[in-house]
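Some notes on the structure that comes next.
Numbering (the numbering used here), first residue to last: 717 to 1007.
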C-alpha cells in the first residue's frame, strides 16, 4: 500500500489552460480524443499542432470528438492512486459530455482496489477556460491549506458564478453541431450576424444574443461582463480563442480599460471544443453574480 501523499487536483484538457500553466502547477490532465477526416488524434498529440488543426477546419476537414471512456478514466485515476494520492477531479460539464459520469463510474470500479484512497469527482458545469478558471480557484484553495472536501464544497457552491461569454466568427460550425438551424446560419452569415453565447446553469452552451458585426460582438462580450459582475471583484480573468489571438487581445484591452483588471490567463481553445465552435471563436471567463 502506497503512503498517503495528500490529494491532487486533476482535470481534463477541456480546461484549455496553456502548457506553461499545467507545468507550473503540476496539474494532472486526461486527454480527449478526436478525428480529422477519420484520422484519430489525442488532444496532446504532437503531430497535430493547434494552428494546423484550425487551418484544417478552415479548409473544410470534418472533425469528430469522443468523450473520455470509462477504461481511459480508470487508467488515469489508477496512475495517481497507486502513487498514494487522493484525487479531486474537476470534470467537463455534464451538460456537454458524458465524461463526468464516466469518471464517476471509473472511481466506482476502483474502490475495491484502493480501499484506503478517496476520489471526489465534481461536475464543473463549465467549459473551456471557464473550467480552467474553476480549476485555478481549486488550486488556490488547496495552496491555502483547504482540505479536499472543503475545496469540492466550494466548487459546487460557486460553479454557477463562473460566467462564460462566447462569440463565433463562422456560424457554419454552430449549425453542424446542432446549436442553430441551417436557415439561421445562412441568413446570419448574409447579414453579418454574430451570435453571443453563454453556458447556462445546466452547463449547456446556449445563445444569448445576436450582434451585427465582428467588432461589436467582441465589445458585447465585455458589455455582458459588466452586466453580470454584480458585486464580484475579479483579480484575474481568463480568455480563450480559436486561433484569433488579435481579437482575444482586443477583448483583453477592453476588459483592462473598463475594469482595471491587470491579470489575465490567455490560451487557445482546444480541438475538442474548437471542433464545435470553429476558428475565430473568442471566449471570456470571470466570476459574476449570474451566468
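Glycine included, every Cβ here is placed at the ideal spot set by N, Cα and C. Just so you know, these numbers come straight off a predicted model, no measurement behind them.
To the nearest whole angstrom, what separates the beta carbons of residue 977 and residue 953, a pair I think is in contact under 8 Å? About 5 Å separates the two Cβ atoms, so the contact holds.
Looking only at its chain, what residues have a beta carbon closer than 6 Å to the beta carbon of residue 783, apart from the 5 residues adjacent to it on each side? Take residue 783, set aside five residues on each side of it, and the residues of its chain with a beta-carbon closer than 6 Å to its own are 813, 814, 815, in chain order.
Whole-angstrom distance between residue 847 and residue 917, CA atom to CA atom: Whole-angstrom Cα-Cα distance: 14 Å.
Buried versus exposed call for residue 774 [16 or more other C-beta atoms within 10 Å across all chains shown]: With fewer than 16 other Cβ atoms within 10 Å, it is exposed.
Please name the residue, chosen from 980, 856, 870, that lies closest to residue 969 on a Cα-to-Cα basis. Selected option, being the one with the closest Cα: 980.
Alpha carbons only, please: which of 990, 998, 1002, 1004 is nearest the one belonging to residue 766? Minimum Cα distance to residue 766 is reached at 990.
Could you check if residue 1006 is buried or exposed, using at least 16 other CB atoms within 10 Å of its CB as the buried criterion? Exposed is the call here.
Residue 898 versus residue 921 - alpha carbon distance: Approximately 18 Å between the Cα atoms of the pair.
C-alpha gap between residue 965 and residue 971, whole angstroms: So the alpha carbons of these two residues sit roughly 10 Å apart.
With a threshold of 6 Å on Cβ separation, who are the neighbours of residue 760 within its own chain once the five nearest residues in sequence on each side are excluded? For residue 760, where only same-chain residues beyond five positions count, the Cβ hits under 6 Å are 747.
Count the other C-beta atoms from every protein chain shown that fall within 10 angstroms of the C-beta of residue 742, then say buried if there are 16 or more, exposed otherwise. That one is exposed.
If you count every other CB in all the chains shown that lies within 10 Å of the CB of residue 885, and 16 or more means buried, which is it? Residue 885 counts as buried, since no fewer than 16 other beta carbons sit within 10 angstroms of its beta carbon.
Starting from residue 843, trace the alpha helix (DSSP H) both ways and give me its first and last residue. Where residue 843 is concerned, there is no enclosing alpha helix (DSSP H), given that its DSSP letter is neither H nor E.
Mind reading off the beta-carbon distance from residue 1045 to residue 1001? Whole number of angstroms is fine, and I expect it under 8 Å. Absent from the model: residue 1045. The displayed extent of the chain is 717 to 1007, so no value can be given.
Short Cβ contact (7 Å threshold) for residue 729 with residue 745: In contact: residue 729 and residue 745 (Cβ atoms closer than 7 Å).
Exposed or buried, what is residue 984 when buried is set at 16 or more other beta-carbons lying within 10 Å of its beta-carbon? Result: buried.
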